[in-house]
Amino acid sequence: MTAPEIGRPVVQRAAARKRLAGIGGAAVERPPAPNVSAAQSSAGWARSYARRLMITDTLVLLMSGLAVHLVRWGDVDAAVRLSGQAGVWPVLGLTLLIVAAWLTALAAAGTRRPPVVGFGATEYKRVARATLAVFGGLAILSYLLGLRLPRSYLVLMLPIGLLAVLASRYLWRRWLHKRRDFGHYQSRVVAVGSTATVADLVHDLQRSPRAGFRVVAVCLTDPERGADNLALAGLPIMGGVGDVAAAVRSCGADTVAVTATDEVGPAAVRNLSWQLEDIDDVDCSLVLAPALTDIAGPRVHTQPVNGLPLIHVDRPTYRGANRLLKKTFDVVGASVLLVLLSPPLLVIAAVVKLTSRGPVFFRQPRVGLNGGTFGMIKFRSMVTNAEELLPELQRRRDEAAAAAGNSVMFKLVDDPRITKAGKWLRRFSLDELPQLLNVLGGSMSLVGPRPPLPEEVAKYENHVHRRLLVKPGMTGLWQVSGRSRLSWEETVRLDSYYVENWSMTGDLQILWKTARAVVGRDGAY
0 MTAPEIGRPV VQRAAARKRL AGIGGAAVER PPAPNVSAAQ SSAGWARSYA
50 RRLMITDTLV LLMSGLAVHL VRWGDVDAAV RLSGQAGVWP VLGLTLLIVA
100 AWLTALAAAG TRRPPVVGFG ATEYKRVARA TLAVFGGLAI LSYLLGLRLP
150 RSYLVLMLPI GLLAVLASRY LWRRWLHKRR DFGHYQSRVV AVGSTATVAD
200 LVHDLQRSPR AGFRVVAVCL TDPERGADNL ALAGLPIMGG VGDVAAAVRS
250 CGADTVAVTA TDEVGPAAVR NLSWQLEDID DVDCSLVLAP ALTDIAGPRV
300 HTQPVNGLPL IHVDRPTYRG ANRLLKKTFD VVGASVLLVL LSPPLLVIAA
350 VVKLTSRGPV FFRQPRVGLN GGTFGMIKFR SMVTNAEELL PELQRRRDEA
400 AAAAGNSVMF KLVDDPRITK AGKWLRRFSL DELPQLLNVL GGSMSLVGPR
450 PPLPEEVAKY ENHVHRRLLV KPGMTGLWQV SGRSRLSWEE TVRLDSYYVE
500 NWSMTGDLQI LWKTARAVVG RDGAY
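All letters in the sequence shown, in the order written, are residues 0 to 524 by numbering that gives the first Met the number 0.
What follows is the structure, encoded as structure tokens:
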């Protein structure tokens, strides 16, 4: 009996194969889940990756200490003379002591644990907190014990060491992402729940492969429906909730993800956790996937109450002081960018004027904050009679939009109305630089949802209007996630996520990704 058939009656397995035969016209056999060695499991790759991080942390901190000596004193002998110490060992001993304390703090803060590394900002935040804890502890000890530590050394060591560790972690993350893109260094997951909730979980995890979770099997409360679900096609159905332990052994899983469903209550989850503890030679983690989606980590807090973990979700932060902070950042950032980019802006204006008839700028009505309209400024990239050519293009657009699944804001890849200079401007998104004037005027932000056309807003469903709770941006989460290639539903999801989970750190990350996307010409046409 193959692994997918464990716990399933013979009649049910035959019926499932018959139903699957109707998908795509050919019979589909769910392949058996292979056993994997411990080295390939989560514990295996996690230990290997943690060792790499520990070795790298040690090396970069030691090199940071050496760099501080060279920056502050020029050489070690000068450091000894200026610090008033007799011999070289006290100075080197201080460096080794700080590095040892730093490494201990990084380990205690869990900066190398599998749920933390490789995805999200938690790893970087924990590194920063561990660093502050080390130097805060040194300051307290030096005060209480009356130690005369070289202050200039500590002042330099903190930022240099922190930046070095963060840079090394970033490079390792890039390396890990490339491995995960090819299916390596991932946790093997058995998903548990109803067909609908498990299908949603599989879709979400497949959408973020760099998070490091790969669903290899499912255990369903309604396995008879799972065979007909296209999202689960190719995944072995290993039975029900009572078959999870057997599924973990069979397919070499190291993680069990339980979705929110009425059929799997608190008692069932508790019993499942006990079963996983009893599995020999397998270090299996239990993950709960609540009925919360598109909520950023900083907004989620867990509070245990009488053994029950309550999940608190903070309100969105786009009001009050946060809005003032964002506006200040917009005004200062737009002013600096206009000054720095004024020479290329003048060159672009001359190119537009000399290569085609018509004005340099193009002003188009867009919908902004709370549904108000404004004139968005761009460098003109189309011919002046673009509106006359619109009816025929509209027909072509509708046909292509229906095929792409984005009928609200679809753009043609080869629009004949675009000028030669306009194609070059759009390729690098240079036609959007005049929107810095909109940012200074207060109608736009540097980062925010895409500014929609009035006719697009007229097609909005009620929940989509939440995109208008913040100012539209020159760039945003949608723009750095695929831009014109995304479906309408995915665009709405990304913009809604931004509105609900805005943060200054998030804006800075989007601006950084924008620069990379523009250089790579990702999704622009």
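For every residue, glycine included, the Cβ atom is placed at its ideal position computed from N, Cα and C.
Around the CB of R379, 16 or more other CB atoms lie within 10 Å, so the residue is classed as buried. The residues R379, T383, in chain order, have a CB closer than 7 Å to that of G357 in the same chain once the five nearest residues on each side in sequence are set aside. M375 is bridged by DSSP to Q363.
Cβ-Cβ separation between R224 and T258: approximately 14 Å, too far for a contact (criterion under 8 Å). Of the residues assessed, A198 falls on the buried side of the cut-off, its CB having 16 or more other CB atoms within 10 angstroms.
If you look at V215, you'll find it in the beta strand (DSSP E) that goes 212–219.
L93 sits in a helix when the DSSP states are folded into three classes.
Cα atoms of M473 and D494: separation of roughly 13 Å, rounded to the nearest angstrom. Under the 10 Å beta carbon count, N437 is surrounded by 16 or more other beta carbons and is classified as buried. DSSP places M156 in the uninterrupted alpha helix (DSSP H) bounded by 150–180.
Rounded to the nearest whole angstrom, the C-alpha separation of W501 and Q508 is 12 Å.
When DSSP states are grouped into helix, strand and coil, H311 belongs to the strand group. By the Cβ-count criterion, P235 is buried, with 16 or more other Cβ atoms from all chains shown falling within 10 Å of its own Cβ.
When DSSP states are grouped into helix, strand and coil, S495 belongs to the helix group. Rounded to whole angstroms, the separation of the alpha carbons of G332 and R425 is 22 Å.
The segment 301–317 and the segment 445–453 do not touch, with fewer than 3 CB-CB distances between them shorter than 8 Å. Boundaries of the beta strand (DSSP E) harbouring H300: 299–304, taken from the DSSP string.
A check of alpha carbon separations from K377 across D221, A107, V359, P415 identifies V359 as the nearest.
Assigned with DSSP and collapsed to three states, T292 falls in coil, not helix or strand. Judged by their CB atoms, R416 and M443 are not nearer to each other than the 7 Å cut-off. Contact between G239 and L271 is ruled out by a C-beta separation of about 12 Å, above the 8 Å threshold.
Sixteen is the threshold: when 16 or more other Cβ atoms of the shown chains lie within 10 Å of the Cβ of S63, as they do, the residue is buried. T354 and G421 have their C-alpha atoms some 10 Å from each other. Straight across, the Cα-Cα distance linking G251 with L309 is about 32 Å. Under the three-state reduction of DSSP, A244 is assigned to helix. Residue nearest to R168 within the set T327, T418, R51 is R51 (criterion: CA-CA distance).
Taking all protein chains in view, the Cβ of D277 is surrounded by fewer than 16 other Cβ atoms within 10 Å, so the residue is classified as exposed. The C-beta separation of V268 from M237 comes to about 18 Å, leaving the pair out of contact by the 8 Å criterion.
For T103, the secondary structure class from DSSP, reduced to helix, strand or coil, is helix. Of the candidates R362, W423, A66, L432, the residue whose Cα lies closest to the Cα of I159 is A66. Residues L344, F360, I376, K377, F378 of the same chain have their beta carbon placed closer than 8 Å to that of P433, with the five preceding and five following residues left out of the count. Residue W273 holds the alpha-carbon nearest to the alpha-carbon of C283 among A120, P289, W273, A100. Taking each of G440, R187, G192, P364 in turn and checking the Cα distance to T260, the smallest one comes out for G192. When rounded, the separation of the alpha-carbon atoms in Y152 and R179 is 40 Å.
Per DSSP, the continuous alpha helix (DSSP H) segment holding V330 begins and ends at 320–354. With a contact defined as Cβ atoms closer than 8 Å, L157 and A129 miss out at about 12 Å.
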